[in-house]
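FYI, in the numbering used here the residues of the sequence shown are 4 to 420.
We put the beta carbon where it would ideally sit given N, CA and C, even for glycine.
Keep in mind it's a predicted model, so treat the numbers as computed, not measured.
Here the structure comes first, spelled out in structure tokens, and everything after it is commentary.
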Amino acid sequence: MDKFKIAGGIPLSGELPVSGSKNSALPALAACLLTEEPVTLHRIPKVKDILTMENLLAYTGASVSHDDATVRVEAKSLDRPEAPYEVVKTMRASSLVLGPLVGRTGRARVSMPGGCAIGSRPINLHVSALEQLGATLEQSYGYVEAHAPEGLRGAHIHFDRITVTGTEDVLMAAVLARGETVIRNAAREPEVKDLADLLVKMGAKIEGAGTPIIRVQGVERLHGTDHTIIPDRIEAGTFLLAGAISRGDVLVKDCVPEHVAALAIKMRQAGAEVEEKDGEALRVRCSGRPTAIDVTTEEYPGFATDLQAQYMAWMTTAHGISFVTETIFENRFMHALELARMGANIRIEGRQAIVAGEERLTGAQVLASDLRASASLVLAALVAQGETIIDRVYHMDRGYERIEEKLAGAGARIERI
Ligand code: EPZ
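What follows is the structure, encoded as structure tokens:
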């Protein structure tokens, strides 16, 4: 099992390039199931979860080929509209094939996602939305079986709570449904908008993606197209915080500044300089410890839950006490226990973490528990005194492409052992 060895205390300097968004590539790949024509996607990050999704598409019968950051999917005939347990158990986002499979073939059999480190993560909202489109879904033996023999018909759907992949799943089912579908309380994440842009290029009729109300006019069929995925805003945010926590001067390249606006505002309040460079890069500079600034995670355009762990790492070295409140997931503070082993002073009270900033952190042997928690440990290791060994870095490989090469390229003393 790979580990990272990091020597702390070195300010990063230079460029950190951002790859394509994992959380945009996953629904985009699933959307390829909606047409028998070939779809080519560019700027696909080479991360584990993408390979898992590619394997899943191939399992259903699609042909998948990729070369560097381009993936080509041709779902001519789908003879096995299923997502088996052995694939789903490694990636909850497999539920993204539920909508396209039902929309395209009238049936789907998808293993229920197990829990995962950050919470129970049910898919009840996906299921009830697809039922409103006319599918019948039953859950047995750990699988969701969906049937829509007469096809799907448009409906007015209102999500009880905002769900990103729930919105994406039902959007992909609605594009081939008969009639109009209106999705209310839809997720506004940039990845939802990117998926809608792809679907429209495939011939779908969608309005309002990126706003809380999305309207879809169903069409008979979709056709192939080419599409470039948006940059990964969570990687961009992680890199901004790497530049700040290491007290360096970094240019985060190939990103969309607007997608990380909530983080940039907090970072400026905490004393970092964050300036936009011609709309596709951000320069971050920070010469010392930040000022403690509270944060509460919220759905986009609020502060992203996927950046909470990384921000907390920065606050462990702040002047003062900050309150970090997690409103999206019920158990997303595992990184706090590992940060404490590096000298951080954090107290967890329910959905709130109280972070008392310390003068310094010290290197330690720590354990990654989930994708973003492992990123927060890397950030802490960059500023900690001495050496840190992070175990189970396969969590990082799920969502960050060549992270150690990129950080080393900006001066970090990091190696995979
Ligand atoms: C997406 O997960 C992202 N994954 C997550 O990123 C991200 O943390 C999350 O959105 C929130 O922004 C992908 O896009 C592949 P939700 P998703 O449905 O869609 C509850 C990462 O690090 N809920 O928006 O699964 C759920 O338990 C990952 O890249 C239900 O109760 O998240 C959570 O508390 C981690 N029933 C809340 O809603 C449902 O049917 C928001 O979840 C669905 C969700």
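*Cβ-Cβ separation, Ala189 to Pro215 (assumed contact under 8 angstroms), whole Å*: Rounded, the Cβ-Cβ distance is 6 angstroms, consistent with contact.
*Helix, strand or coil for Phe326 per DSSP?*
Reduced to three states, the DSSP call for Phe326 is strand.
*Leaving out the 5 sequence neighbours to the left and right, which residues in its chain are closer than 7 angstroms to Gly323 when beta-carbon positions are compared?*
Non-local beta-carbon contacts of Gly323 in its own chain, meaning distances under 7 angstroms to residues more than five positions away in sequence, involve Thr294, Ala295 and Gly360 in chain order.
*Among Asp71, Val42 and Ile406, which has the Cα closest to the Cα of Leu60?*
Closest by alpha carbon: Val42.
*Glu302 Cβ short of 8 angstroms to ligand 1 heavy atom set*: Yes, ligand 1 has a heavy atom inside 8 angstroms of this Cβ.
*Once you ignore the five residues that flank Ala212 on each side, which residues in its own chain have a CB closer than 7 angstroms to its CB?*
Taken in chain order, the residues that qualify are Val195, Lys196 and Ala199.
*Give me the Cα-Cα distance between Ala28 and Thr55, rounded to the nearest whole angstrom.*
The alpha-carbon atoms of Ala28 and Thr55 are separated by roughly 12 angstroms.
*Nearest-angstrom Cα separation, counted from Asp394 out to Ala411*: Between the C-alpha atoms of Ala411 and Asp394 there is a straight-line separation of about 18 angstroms.
*asked:* Suppose the cutoff is 6 angstroms on Cβ atoms and the five residues either side in sequence are ignored; what does the same chain contact list for Thr63 look like?
replied: Excluding sequence positions up to five before and after Thr63, its CB lies within less than 6 angstroms of the CB of Leu81, Arg83 and Pro84, all in the same chain and listed in chain order.
*For the segment 343-350 against the segment 310-319, are there 3 or more C-beta pairs whose distance is under 8 angstroms?*
Yes, the segment 343-350 touches the segment 310-319.
*asked:* For the beta strand (DSSP E) containing Asn348, name the first residue and the last one.
replied: Unbroken beta strand (DSSP E) run through Asn348: Asn348 to Glu352.
*Rounded to whole angstroms, how far is the Cβ of His150 from the Cβ of Thr166, which I believe are closer than 8 angstroms?*
23 angstroms between Cβ atoms; not a contact.
*asked:* Across the segment 255-263 and the segment 67-76, are there enough close Cβ pairs to call them in contact, namely three or more that are closer than 8 angstroms?
replied: Between the segment 255-263 and the segment 67-76, the count of C-beta pairs closer than 8 angstroms stays below three; the two stretches do not touch.
*Got a sec? Which residues, its chain only, sit under 7 angstroms from Lys6 by beta carbon, not counting five neighbours each side?*
Cβ within range, chain order: Ile392, Ile393, Asp394, Val396 and Ile420.
*asked:* Does Phe336 come out as helix, strand or coil in the three-state DSSP assignment?
replied: Shown here, Phe336 sits in coil according to DSSP, grouped into three states, outside any helix or strand.
*Distance, Val358 Cα to Val67 Cα*: A direct Cα-Cα distance of roughly 46 angstroms separates Val67 from Val358.
*Apply the 10 Å Cβ neighbour rule to Tyr144 and answer buried if 16 or more other Cβ atoms are within range, or exposed otherwise.*
The residue in question, Tyr144, is exposed, as its Cβ has fewer than 16 Cβ neighbours within 10 Å.
*Starting from Ser143, follow the alpha helix (DSSP H) in both directions and report where the run begins and ends.*
Secondary structure note for Ser143: it is in no alpha helix (DSSP H), and the uninterrupted beta strand (DSSP E) holding it is Thr139 to Ser143.
_I'd like the span of the alpha helix (DSSP H) that includes Arg375, first residue to last._
Where Arg375 is concerned, the enclosing alpha helix (DSSP H) stretches over Leu374 to Val386.
*asked:* Can you tell me whether Ile406 sits near ligand 1, meaning its C-beta is under 8 angstroms from at least one heavy atom of the ligand?
replied: No, since every heavy atom of ligand 1 falls outside the 8 angstroms radius drawn around the Cβ of Ile406.
_Spatially closest choice to Leu133 from Pro116, Gly106, Ser114 and Met115, by CA coordinates_ = Residue Gly106 is the option with its Cα nearest to Leu133.
*When you compare each of Ala275, Glu278, Val263 and Leu101 to Cys35 by their alpha carbons, which one comes out closest?*
Relative to Cys35, the option among Ala275, Glu278, Val263 and Leu101 whose CA is nearest is Leu101.
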